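Numbering follows numbering that gives the first Met the number 0, in which position 535 of the sequence shown is assigned residue number 534; successive positions increment by one, without gaps.
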Amino acid sequence: MYGNSQYFLYSTTLLFTFFVTTTSIIQSPPNIVKEPSVDELLFQVPTHQYENDKPFKIDCEAEGEPAPKYRWMKNGKNFNWQAYDDRISQQPGIGSLIIYRPRDEDLGQYQCFAENVWGIATSKSVMVVKAELNSFNKEPNIYIEAQEGEPFKLTCNPPTGWPKPIVYWLILEKNGGLTTAENLRMTTDPEGNLWFSNVTRNDASFTYCCYAKSLIKSEYKLSKHVKINVIQNAETYVKNKYPLIQQYVSRRNEVALLNKNVELFCIYGGTPLPQTIWLKDGIVIQFNKRVTLGNYGKSLTIWKVNFEDGGNYTCEVSNGVGLPESYNILLDVMAEPIFTVIPQIVEGGEGETAVIKCEASGNPQPSIKWIHNGRPLSEASPNPRRFVTSNSITITSLTKYDIGNYGCNATNSIGYVYKDVYINVLALAPEIIEFPLDVKTFVGSTTVITCKPYGVPKPHIKWTRKGIELTGGRYSILDSGNLEISKVSFIDAGIYTCIATNNYGTASASGTLTVTGITEIITEPEDNMVVVGSMAVFNCIATADHSLHLNIDWLVNDEPIDYDTQPRFIKTNNYSLIITKTIELDSGIYTCLVKTELDQVTANATLIVQDKPNPPTLLKITCNKINAVVKWQPNGDNRAPILRYIIEYNTSFEPSTWLVASNDVPASDLKFIAPMTPWANFTFRVIAKNKIGKSNPSLHSSVCTTQPDVPYKNPENIEIYGTDSTNLVINWTPMPKITHNAPGLRYRVYWKQDMPDNVWNLNETIDYTINELVFSDQPTYTRYKVKIVAFNEKGESSGLQNEVIGYSGEDGPLDAPNNLTVMNVTGSKSAILSWEPVSPESIRGNFKGYKIQFWADRDGEDNKIEEEVSLDRTTVEIKNFFPNANNTVCILAYNSRFNGPLSPNIYFVTPEGVPGPVNGVEAKQWGSSAILLSWQPPDEANGVLTGYEVSYESMTERGAGERTQCPSITNPKQTTAKLTSLKPSTNYRIYIKATTKVGVGEPYVKNLCRFFIEQQTKSPLLIDTELDKPVFNYIHKPYNKMFDTVRVFWTPNLDGNPGSHFFVKYKLKSDYLYEETKHEFYKNFIDVKGLKPEKLYEFIVVAVDGNIIQQSDTVEIEAVNHVTGKSL
């Protein structure tokens, strides 16, 4: 309204009366309570007879006593809508206008005035505008030519309309489908033009049209169809590279409005497709929900702009062809005026002072003008008690003639803001309009007990408790009348009374204060530093007053956590916070928020999630003759310091392969000098590395091209050998293209016999991929010299020409060593052999040495063993002969390719040796103090077995105990043994070794566990445990003709509780007392001797385990008479 300095003047006579209010009706000037909420109001006019009428309303509603009357102005003139048209009506009781069947002439600037005898209130003005969308200009379908691979533009001349229509392009596919022309290659600018980064042959397959859509009306318009004729040529297909070209960019000086959105454009074309990086004030932008990329990186959108968004924005664009380009946009943020101090209604008593304040901010800074009863304050009648500044109006010594409306209008070049208020002069006795509420608070807090009195003049407020007025110290009476108590304690609980007094009376009201204990966090969350992908846990424990409900929740960066949309965040039953599979964006401040109905406390902890660094930004590449200077800057280490940088490069020879120029550039260096070879196209990129890992690579640099030169190297890995006895083979590694340094690389191969005065033979290859030459009809195993030199169209290599020595092909040796002899048999497996050497000439190749072959007669020649001996030896001790065997031995000489003839066989006998280790050892628990062993004979007896040696040692935490040797086993067929008198619950290491007449078998060798076995004895039996009842059988042994001997065999079940050993009880059946044998610990039988022939005896077997015994059933046995063979 007043932003364009148009003032609407109105003259009338105001009638004033003044009285002390004695009823509920209070006089007041008008106050606008409803007005247009926007600066621009859109309406639609039907375009055909079948379109529905769309009426619209212009709001205006005011309060006042007496009720105000309304009038309107349009375009700065009085608007008598009653006489203007029957299409317009005013809502009953208020001033809002409703306009039916809108027409074009309804367009204009409208403003409402509400007035009564006390004043005139003014609303905001609103511009009423017709919403419309016109059609595209009529024109035929268009056919446009475009060069394949080049950037291209389709121009759209969108139709006029209000608001400005949204414009974009559609692609009509052959099947009739429609898609928007928005992809990596196609971008629509704000003016509606479609930009192709490059044109492809496929673009000719579609039909294009420009689409304009109204923001308000459900309406759109289409342009005529456009076809593209793509011009193709072979050069375009082969080249497939075009440098950058600027297509559309935002203005260099761009303006954004505060809290509005702004989009900056940076559209470039080229092949390959350009890549864009956005920077603000030289720093790469970190995107978020408010700052986003659009159009595949070609535009930058800032949502709800703030002043901090102003600055210098740069888009850096590159596509690897030519130099990168950049474009700067200076963004200035401007703002419509907003009130920082909003004018307020003033009600005062006669003689008081009234002050209306109004302050506003904006960019540019707004100016403030005052309005009085609908007209500029400068045109109001003079008042010596009225003092006006740019931000306030002050009227002293109020009288009834000061009643009226005042408006504040703050204006700048962007817009305006307006507020209409009034000054009212009244005489009212005090009234409590908002009573004190019962308040509950906690110890140590500052609390407020409300009391809102109303009266004119403004009442004086005081507070009392127990009849005592509260003043000073911890008590403060606020301007609103509320009582503020600081540092509340339990003794502050009680009833508080608010008393309001003015010249016309007194009013009072009371409220109660209740005090509780404070809420505390007793275990605060601790800072966390984790690696991305791992788990983070925060704990928080708190207490509160028992009368309050305690709730614990978590915030991240002061925002509540939504556990439904963030399933990685889990709040446990004990209020701990668990974050699973952390990501770098989880880093931040985590707050434990403990709340009750009264208070809340917080404790913060920091989470640092470390991730690999962000890709560095390549700043500059300087191409020199033999090197390139690469400069970059880091883009964030993601909370784990960068340790080093890796510089990679690729060339046109292998464009898909990136090689390492350096993998150890210090983190403090942001520049690297990379060497380059001639005749190549180099591009570079940079990778940052921290303790978490490597970043993604930076964008690659532009191309550095080097000029041709002679080769700097010659072929490497030269080998000289023969594949048969009459040829010479020269082999080498072909040089990779990066070392060619110029076109036409080939090799010159120089070779000759290594003899004085011999001249070089020369052979040239036809291309660089050849890696071998073969020369036939050469003498057998002859020394040669070879060198290979690279050359290209610029000349011969400047590299070192190394001469390599080698030999032509070998043939089989002619002679066998003579006089093979056994000089001495040194052991069961060893003997010293000697022989006469062969002559070097007979070898006919690279003499490698001798091979000795031997085998035992019992195994045969097919199982022979071969050992190699160096060429300078003529004696050797062989230590792998077969013990106790007839051995056959022969010898031969050999070169790199062939074995020579064998010598005549010789024979000798090796003596017995000690046995190898036994096999299949098993150990079983036998009661709580015995172990039963079994095994198989050794695979390598190395002689005639004579028996076995068994020993054992206990194993404790301190290590092995003393070794105990068992009685020797002299029967080689016995493969079982029993260990007795062992400690219960003890682990034993047991050794079993076979013996021959030479001695005991192989000792225990560390880490070869087959030479011992470990077994733990059973735990001691409990006192009330019963042993298995013994089972036995017997035979008679004829040891003595006068007496019988009964051998009792105990057959224990080792899977049960058989006992560890046994003894036998026996007696004549006619006797009363049993005799007992000695306890048998090792054997499973006992011989009971001295039995009287032909007498009947009772036998019982007793099993023993510690202190527990178990008897068998009684068995009657009749002693045998070995003289007659009779028994009773």
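The C-beta atom is built at its ideal place from N, Cα and C for all residues, glycine as well. Every value quoted in this text rests on a predicted model; they were computed, and no experiment measured them.
Nearest-angstrom Cβ-Cβ length linking residue i and residue j, presumed shorter than 8 Å
i: Q146; j: I230; result: 5 Å
i: Y947; j: T994; result: 7 Å
i: A1118; j: P1057; result: About 28 Å separates the two Cβ atoms, so there is no contact after all.
i: K784; j: N801; result: Between N801 and K784 the Cβ distance is about 11 Å, and since that is not below 8 Å, they are no contact.
i: S967; j: G1105; result: No, S967 and G1105 are not in contact; Cβ-Cβ is about 29 Å, not under 8 Å.
i: F537; j: S475; result: Not confirmed; about 39 Å, so no contact.
i: L597; j: T542; result: So it is not a contact: roughly 14 Å between Cβ atoms.
Start and end residues, alpha helix (DSSP H) containing residue i
i: W80; result: 80 to 83
Residue range of the beta strand (DSSP E) that includes residue i
i: R464; result: 459 to 464
i: Q935; result: 929 to 935
i: I25; result: Element bounds for I25: n/a, residue is neither H nor E.
i: W759; result: Element bounds for W759: n/a, residue is neither H nor E.
i: F112; result: 107 to 115
i: P242; result: 241 to 248
i: N823; result: 817 to 824
i: L193; result: 193 to 195
i: F853; result: 846 to 855
i: E866; result: 864 to 869
i: G361; result: 358 to 362
i: I432; result: 427 to 433
i: P452; result: 451 to 455
i: M72; result: 68 to 73
i: I620; result: 616 to 622
i: T782; result: With the sequence shown as reference, residue 782 is identified as Arg, and Thr is not the correct amino acid for it. Counting along the chain, the beta strand (DSSP E) containing R782 begins and ends at 782 to 791.
i: R745; result: 745 to 752
i: F55; result: 55 to 57
DSSP three-state assignment for residue i, whether helix, strand or coil
i: A1118; result: coil
i: A203; result: helix
i: N294; result: helix
i: T725; result: coil
i: P150; result: coil
i: N1032; result: strand
i: S475; result: strand
i: S1111; result: coil
i: D861; result: helix
i: I607; result: strand
i: D1166; result: The shown model of the chain, from 0 to 1127, leaves out residue 1166, and the question about it has no answer.
i: L698; result: coil
i: I215; result: coil
i: P839; result: helix
i: I569; result: strand
i: S655; result: coil
i: E62; result: strand
According to DSSP, residues forming a beta bridge with residue i
i: C208; result: L169
i: R643; result: P665, K688
i: Q777; result: Per DSSP, none; premise fails for Q777.
i: I402; result: Answer is none; I402 lacks a bridge partner.
i: R385; result: I394
i: C497; result: W462, A508
i: R988; result: E952, E1013
i: P559; result: L554
i: H545; result: H545 pairs with nothing; no bridge assigned.
i: Q89; result: L96
i: I141; result: V225
i: T994; result: G946, V999
i: S833; result: T820, T874
Within-7 Å CB hit, residue i to chain D
i: G414; result: Looking at the structure shown, chain D is missing, and only one protein chain is on hand.
Complete runs of the beta strand (DSSP E) confined to the stretch 1065 to 1107 [at least 3 residues] | 1084 to 1090, 1095 to 1104
Where are the beta strand (DSSP E) runs, 3 residues long or more, that stay fully inside the stretch 267 to 331, in chain order?
-> The DSSP assignment places complete beta strand (DSSP E) segments of no fewer than 3 residues inside the stretch 267 to 331 at 274 to 279, 290 to 293, 298 to 301, 310 to 317, in order along the chain.
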